[in-house]
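Participant:
In UniProt numbering, the protein residues as written are 1 to 218.
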């Protein structure tokens with residue numbers, strides 16, 4: 001799952017990013033509306049956490065712009081210091097998918113992010129399976145032929161995307177977009193390292209096939 005946090009309070013943004021990354025999510029940060037709108041239209045996000053009162057482009061304008069784009073599937077969770085019913089209705093009318101008033105509890109935000117992410121993608125079962133590999137998306141666990149796999153968050157993320165594809169090839173671009181964030185140098189070779197470790201942990205017979213000049217598939 002890849003998220004964008006558009007929030008001009010650096011401390012809050014860093015706390016949210018740290019917590020969500022610990023959940024295995026890829027998280028990008030934008031500190032103002034201009035940068036946030038640019039990133040939201042360039043990258044493929046599952047969920048965008050959007051502060052309503054932003055310097056530069058206002059959160060309302062960002063929300064309105066994203067809602068007008070048919071090519072953007074990201075779900076928007078709007079954050080605001082105002083918590084009246086009027087504000088809630090106004091935020092949803094702009095195109096936000098959910099609304100959370102500050103201050104809020106992190107567990108509530110996390111639950112809402114998960115709920116929005118499920119809506120951002122085509123419906124899929126909470127447990128994915130292919131060729132003896134089972135990925136429990138909600139519990140963040142994986143097994144092969146009943147054997148539990150001790151995977152890192154990135155290995156699990158790559159495996160989930162490969163199993164979700166149902167045998168279709170998955171591009172390296174897609175894997176980098178969904179499992180990592182903008183801090184990653186796309187030429188670092190880290191994806192190859194993660195796939196190598198994943199192959200080793202999956203064991204024999206080999207499951208992950210390299211698709212030349214494209215990516216991987218199971």
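Backbone N, C-alpha and C fix where the C-beta goes; we use that ideal spot for every residue, glycine too. Bear in mind the structure is a predicted one, so any value in this text is a computation, not a measurement.
Under 8 angstroms, do residue 14 and residue 181 count as touching if we go by C-beta distance?
Facilitator: Taking 8 angstroms as the Cβ cut-off, residue 14 and residue 181 do not qualify as a contacting pair.
Participant: Distance, Cα to Cα, residue 244 vs residue 1?
Facilitator: Past the edges of the chain, shown from 1 to 218, lies residue 244, and the structure says nothing about it.
Participant: With a cut-off of 8 angstroms, do at least 3 Cβ pairs link the segment 36-44 to the segment 102-115?
Facilitator: These segments do not touch.
Participant: Can you give the beta carbon distance from residue 79 to residue 92, rounded, assuming they're within the 8 angstroms contact cut?
Facilitator: Going by Cβ atoms, the distance from residue 79 to residue 92 rounds to 13 angstroms, so no, they are not a contact pair.
Participant: Would you kindly work out how many angstroms separate the C-alpha atoms of residue 212 and residue 145, rounded to a whole number?
Facilitator: If you take the alpha carbons of residue 212 and residue 145, they lie about 28 angstroms apart.
Participant: So the candidates are 5, 207 and 151; which of them puts its Cα closest to the Cα of residue 131?
Facilitator: Taking only the C-alpha atoms, the option nearest residue 131 is 207.
Participant: Just reading off the beta strand (DSSP E) that residue 217 is part of, what are its end residues?
Facilitator: Element bounds for residue 217: 215-217.
Participant: Where are the beta strand (DSSP E) runs, 3 residues long or more, that stay fully inside the segment 113-160, in chain order?
Facilitator: Qualifying beta strand (DSSP E) stretches, in chain order: 127-130, 133-136 and 141-144.
Participant: Please determine, among 178, 172 and 168, the residue with the shortest C-alpha to C-alpha distance to residue 220.
Facilitator: Nothing about residue 220 can be reported from this structure: the residues present for the chain run from 1 to 218 only.
Participant: Please go through the UniProt domain "Response regulatory" (2-117) and give each complete alpha helix (DSSP H) segment of 4 or more residues, from N-terminal end onward.
Facilitator: As far as the UniProt domain "Response regulatory" (2-117) is concerned, its whole alpha helix (DSSP H) runs of at least 4 residues are 10-22, 33-42, 59-67 and 85-93.
Participant: What number of angstroms, rounded off, separates the C-alpha of residue 137 from the C-alpha of residue 98?
Facilitator: Their backbone Cα atoms lie some 22 angstroms apart in a straight line.
Participant: Which whole-angstrom value describes the C-beta separation of residue 94 and residue 64, a residue pair presumed to lie in contact below a C-beta threshold of 8 angstroms?
Facilitator: 5 angstroms between Cβ atoms; contact.
Participant: List the DSSP bridge partners of residue 209.
Facilitator: Answer is 217, bridged to residue 209.
Participant: Relative to the alpha-carbon of residue 256, which residue among 177, 118 and 203 has its alpha-carbon at the smallest distance?
Facilitator: With the chain running from 1 to 218 in the structure shown, residue 256 is simply not present.
Participant: Give the range of the alpha helix (DSSP H) segment to which residue 189 is assigned.
Facilitator: Careful: residue 189 lies outside any alpha helix (DSSP H) and carries neither H nor E.
Participant: Pull up the DSSP beta-bridge partners for residue 170, would you.
Facilitator: In DSSP, residue 170 forms a bridge with 216.
Participant: Quick one: residues in its chain with C-beta nearer than 6 angstroms to the C-beta of residue 25, no 5 flanking neighbours on either side, listed in chain order?
Facilitator: If we look at residue 25 and ignore the five residues flanking it on each side, its Cβ neighbours are 1 and 3.
Participant: Between the alpha carbons of residue 128 and residue 107, how many angstroms are there, rounded?
Facilitator: Looking at the two C-alpha atoms, the distance is approximately 25 angstroms.
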